Amino acid sequence: MVLEEGRVLAVRKESMAALLLFFLLAVSAVSADEDAFIGVNLGTDLSDMPSPTQVVALLKAQNIRHIRLYDADRAMLLALANTGIQVTVSVPNDQLLGIGQSNATAANWIARNVIAHVPATNITSIAVGSEVLSALPNAAPVLVSALKFIHSALVASNLDRQIKVSTPHSSAIILDSFPPSQAFFNRSWDPVMVPLLKFLQSTDSYLMLNVYPYYDYMQSNGVIPLDYALFRPLPPNKEAVDANTLLHYTNVFDAIVDAAYFAMSYLNFTKLPIVVTESGWPSKGDSSEPDATLDNANTYNSNLIRHVLNNTGTPKHPGIAVSTYIYELYNEDLRPGSVSEKNWGLFNANGVPVYTLHLTGAGTVLANDTTNQTFCVAKEGADQKMLQAALDWACGPGKVDCSPLLQGQPCYEPDNVLTHATYAVNAYFQRMAKSPGTCDFKGVATVTTTDPSHGTCIFPGSGGRNSSFINGTSLAPSSNSTTSGCLSLFFYSGGSFTSSVIIGLLVLSAVFL
């Protein structure tokens, strides 16, 4: 999309009459029968992410009710069972040719990846391929057949009403996307797009579209203002105006979505809704990507979430839901390519948020202070001496209140070094405001989103209780420490430590610190 700041783009004279007539015919025909939702994309490489159980725990903690998978991973689908979370599963591009050429292959795919999991797992849609027209054009001739075969298998199982079938498109298939009223799909794909849109309309499905204002901004050579890409407020003279419709556009996202609406209208499809299957902003980039920053990523995703959940709609279809999946839930450190390719996530793989979204007034999804949903725990199987040293240090130089671990206190049981070390390292982690590097302890501790509280033992940071923060430098021994920093004052030999030991430890802490 090419857009000059504050400029009203003139319509071609030869198409003025046709465009005016078209606009009158293409009035809002998409119905507003449901609210928009925000979902997340899980990512392409599950080996680079937490376990399925941990992923689901994070989804629950952040009230995320919609997730898109790039495949139909069995372990993930089992973990999502009985959660009510709405799941989009995907046919990967490398399976598209086989499914598009064989009804039986499609039926087998549905039996293995859908029927085996419903109704326990709430699968509500299937994405067949991903950006096929631009990423895998040789499979384009079988794309519609693949959708039809998958849908037929759902019909045979009486699942077609609850599970919609579509395919995500790159916004790059839309040409001349500004002004939106002049946008059209690449005409070379008409033999695919026309039957595809007919299929989506006949099955009450929707167009899946990937919208990345970041790339539009990067590729505009300075023509698109950064504020316009980030949803930041613009003065009226800076807004983009479609000269054909006189609609004002205050952000790139809306302009792209409306371009898709108009492109469908040119092919006489005016009732198809749009779901944005990918959108986001990278939080880190290399020297050629100076605007891939934490602040810009936070600004874009926070504003996007507010924009979607407020049911703002677009200038062409105000108030019409444009549900959107954020790309993506986790950073993918192992992903090949540029630095930015690894840094689209809202969370690091250890469950710690990359940044805290600013979502006041945007509902409950992702609105919790995500830093309050993480804990530090001792690793199972860790060396007992190292766990003992971590426990000693946290309750000593780390200045953690370990009195709840005394015999007769709520966190005494189970009386073993792993459980007691978990309490101590987590108390230190919470005390240090969960600063980076404060949950390592020579590699025997790790961050988790699962609350380790048990019974009447409420861990610091759980529900905001028992948590106090201090300012200052991290004192926790980390993987970069050259000395252990531990005082071996608590000894486990099947027994417990006493209050006198704790008092002695506090005295010694004062001496050593």
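Sequential numbering from 103 applies to the sequence shown in the working numbering.
Note that CB positions come from ideal geometry on N, CA and C, so glycine has one too.
From a predicted model like this one, the values you see are computed outputs, not experimental measurements.
When the options are compared against residue i, the one with the closest alpha-carbon
i: P506; options: A492, T521, P499 and W495; result: T521
i: K266; options: A480, I212, A362 and W495; result: I212
i: I275; options: S247, Q303 and A237; result: A237
i: S279; options: A362, A484 and G563; result: A362
i: V313; options: C504, N339, L436 and E430; result: E430
i: I169; options: F561, R437, V343 and V189; result: V189
i: A138; options: R167, K487 and L144; result: R167
i: A331; options: N210, N403 and S555; result: N403
i: N240; options: N210, G202, V216 and A208; result: G202
i: D306; options: K373, D517 and A547; result: K373
i: V546; options: N205, A526 and V424; result: A526
i: L277; options: D147, N413, L180 and F364; result: F364
Between the CA atoms of residue j and residue i - distance to the nearest angstrom
i: F371; j: M151; result: 40 Å
i: L591; j: Y432; result: Any reading at L591 must be qualified, since the residue scores a pLDDT of 37, below 50, and its modelled position is unreliable; the value itself is stated next. Roughly 39 Å separates the two Cα atoms.
i: Y351; j: T524; result: 52 Å
i: A222; j: D175; result: 15 Å
i: I225; j: S268; result: 14 Å
i: T558; j: P512; result: 6 Å
i: F614; j: G498; result: Caution is warranted here: a pLDDT of 29 is assigned to F614, below 50, making its placement in the model unreliable, and the coordinate value is therefore given only provisionally. Distance between the alpha carbons of F614 and G498 is about 9 Å.
i: L406; j: F531; result: 32 Å
i: S247; j: L199; result: 10 Å
i: A612; j: L448; result: Model confidence at A612 stands at a pLDDT of 34, short of 50, so the residue's coordinates are unreliable; what they give is reported in the following sentence. Their Cα atoms are separated by approximately 40 Å.
i: L182; j: T476; result: 20 Å
i: G500; j: M534; result: 10 Å
i: T552; j: G510; result: 25 Å
i: V158; j: R289; result: 42 Å
i: G539; j: M178; result: 29 Å
i: S149; j: V441; result: 19 Å
i: A163; j: E482; result: 23 Å
i: A492; j: I187; result: 38 Å
i: M366; j: F286; result: 7 Å
i: P315; j: V234; result: 20 Å
i: W291; j: P554; result: 54 Å
i: D393; j: Y317; result: 11 Å
i: D542; j: V549; result: 8 Å
i: N195; j: M320; result: 27 Å
i: S304; j: Y457; result: 42 Å
i: E443; j: D503; result: 42 Å
i: D356; j: D485; result: 54 Å
i: A529; j: L348; result: 58 Å
i: I140; j: P455; result: 17 Å
i: I560; j: P327; result: 49 Å
i: L309; j: K386; result: 30 Å
i: D344; j: K418; result: 11 Å
i: L329; j: P438; result: The residue asked about is misnamed: residue 329 is Asp in this sequence, not Leu. Those two C-alpha atoms are separated by around 29 Å.
i: L127; j: S204; result: Caution is warranted here: a pLDDT of 42 is assigned to L127, below 50, making its placement in the model unreliable, and the coordinate value is therefore given only provisionally. Roughly 40 Å separates the two Cα atoms.
i: N450; j: V142; result: 14 Å
i: F125; j: S283; result: Only weak support is given to the placement of F125: the predicted model assigns it a pLDDT of 45, under 50, and the question is left unresolved by the model.
i: N184; j: D388; result: 42 Å
i: S153; j: A218; result: 21 Å
i: P420; j: Q156; result: 38 Å
i: N353; j: A209; result: 42 Å
CB-CB length for residue i against residue j, believed under 8 Å
i: P384; j: N346; result: In fact, because the Cβ distance is near 34 Å, the residues do not count as touching under 8 Å.
i: V378; j: Y427; result: 7 Å
i: L249; j: V230; result: 5 Å
i: A480; j: L489; result: 6 Å
i: V193; j: L171; result: Not quite, the Cβ-Cβ distance comes to about 11 Å (not below 8 Å), so this is no contact.
i: H271; j: L311; result: 6 Å
i: L160; j: G453; result: 6 Å
i: L245; j: V216; result: Contact flag wrong, Cβ pair sits at about 19 Å.
i: L369; j: L299; result: 6 Å
Residue i, enclosing beta strand (DSSP E) - first and last residue
i: M310; result: L309 to N312
i: I428; result: T426 to I428
i: V234; result: That residue, V234, is in no beta strand (DSSP E); its alpha helix (DSSP H) goes V234 to A237.
i: F477; result: F477 to A480
i: I228; result: I225 to V230
i: T548; result: A547 to T550
Run of the alpha helix (DSSP H) containing residue i, from where it starts to where it stops
i: Q490; result: Q486 to C497
i: A181; result: R176 to A181
i: I212; result: N205 to I212
i: V216; result: Counting along the chain, V216 falls outside any alpha helix (DSSP H), and DSSP gives it neither H nor E.
i: G186; result: Neither: G186 is in no alpha helix (DSSP H) and is coded neither H nor E.
i: I560; result: Looking at the DSSP string, I560 is not in any alpha helix (DSSP H), and its letter there is neither H nor E.
i: L198; result: L198 to G202
Distance cut-off 8 Å: residue i Cβ against heavy atoms of the ligand NAD
i: Y368; result: No copy of the ligand NAD occurs in the structure displayed, which carries no ligand at all.
- Message: As an exercise, report each continuous alpha helix (DSSP H) stretch of at least 4 residues that is fully enclosed by the region 239-287, in chain order.
- Response: Listed in chain order, they are 245-258.
- Task: Please go through the region 137-172 and give each complete beta strand (DSSP E) segment of 3 or more residues, from N-terminal end onward.
- Result: If we require 3 residues or more, the beta strand (DSSP E) runs fully inside the region 137-172 come out as 140-143 and 168-170.
- Complete beta strand (DSSP E) runs within the region 373-400 (minimum length 3 residues, chain order): You should have 376-381.
- Message: So within the region 506-542, which uninterrupted alpha helix (DSSP H) runs reach at least 4 residues, ignoring any that extend past its ends?
- Response: With a minimum length of 4 residues, the continuous alpha helix (DSSP H) runs that stay inside the region 506-542 are 519-533.
- Item | alpha helix (DSSP H) segments (min. 4 residues) lying fully within the region 301-361 | Positions of the alpha helix (DSSP H) runs, each at least 4 residues long and wholly inside the region 301-361, are given as 315-320 and 328-331 in order along the chain.
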